[in-house]
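These notes concern the structure reproduced below.
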Amino acid sequence: LPLWMYFFLAIPSIFDLAATALCMMGLQYLDVSIYQMLRGSGIIFVVAIMKQHVLRHHLFSFQWVGVFWNVISVILVGSTAMLNSGSDENEDGDKSSGQALLGVMLVMLG
Numbered sequence: 002l003p004l005w006m007y008f009f010l011a012i013p014s015i016f017d018l019a020a021t022a023l024c025m026m027g028l029q030y031l032d033v034s035i036y037q038m039l040r041g042s043g044i045i046f047v048v049a050i051m052k053q054h055v056l057r058h059h060l061f062s063f064q065w066v067g068v069f070w071n072v073i074s075v076i077l078v079g080s081t082a083m084l085n086s087g088s089d090e091n092e093d094g095d096k097s098s099g100q101a102l103l104g105v106m107l108v109m110l111g
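Here's what the structure looks like:
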């Protein structure tokens, strides 16, 4: 392979490394099940937005309804993480709702 191809392949790998680092930092403040739900729903949201704006394909109304319910589920899961973190004591220490919000934001940025 020519040398420029390695640099061309390095660009998406750097973005993937940054996204993985953000998600792992957010995982420190969240339960694994909440992390998995947020990560899976984030992929659906990003693909819908990219299809609309990058590929210039218009989404059908039923697809927008699916994206809407996906956003609602992210809000419910994130709020559940914040409400649950302040209610009980863990053996790891008490995680505040601010830390849970930070974890949700880091996972969604990744």
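Residue numbering for the sequence shown follows our numbering, beginning at 2 and increasing consecutively. Glycine residues also receive a C-beta, built at the ideal position from the N, C-alpha and C atoms. Treat the numbers as computed from the prediction; the structure is a model and nothing was measured.
Threshold first: 3 residues or longer. Then list the beta strand (DSSP E) segments lying entirely within the segment 4 to 32, N to C.
Counting whole runs of 3 or more residues, the segment 4 to 32 contains no beta strand (DSSP E) stretch at all.
Kindly indicate which three-state DSSP category H59 falls into: helix, strand or coil?
In the structure shown, H59 sits in coil (DSSP, three-state: anything other than H, G, I, E or B).
In the structure shown, what three-state DSSP assignment does G79 receive?
Three-state DSSP puts G79 in a helix.
With distances taken Cα to Cα, identify the nearest neighbour of W70 among M109, H59 and F46.
Selected option, being the one with the closest Cα: F46.
Return the Cβ separation of S74 and S98 in integer angstroms, given the expectation that the two are a contact with Cβ distance under 8 Å.
Not quite, the Cβ-Cβ distance comes to about 19 Å (not below 8 Å), so this is no contact.
Could you give the residue range of the alpha helix (DSSP H) that holds S98?
Segment S98 to L110, the alpha helix (DSSP H) holding S98.
Whole angstroms are fine: how far does the CA of Q64 sit from the CA of Q53?
Going by the C-alpha atoms only, they are around 11 Å apart.
Just checking my contact of Y30 with G111 at CB under 8 Å: how many whole Å lie between their CB atoms?
Going by Cβ atoms, the distance from Y30 to G111 rounds to 13 Å, so no, they are not a contact pair.
What's the C-alpha gap between P13 and A19?
The alpha-carbon atoms of P13 and A19 are separated by roughly 10 Å.
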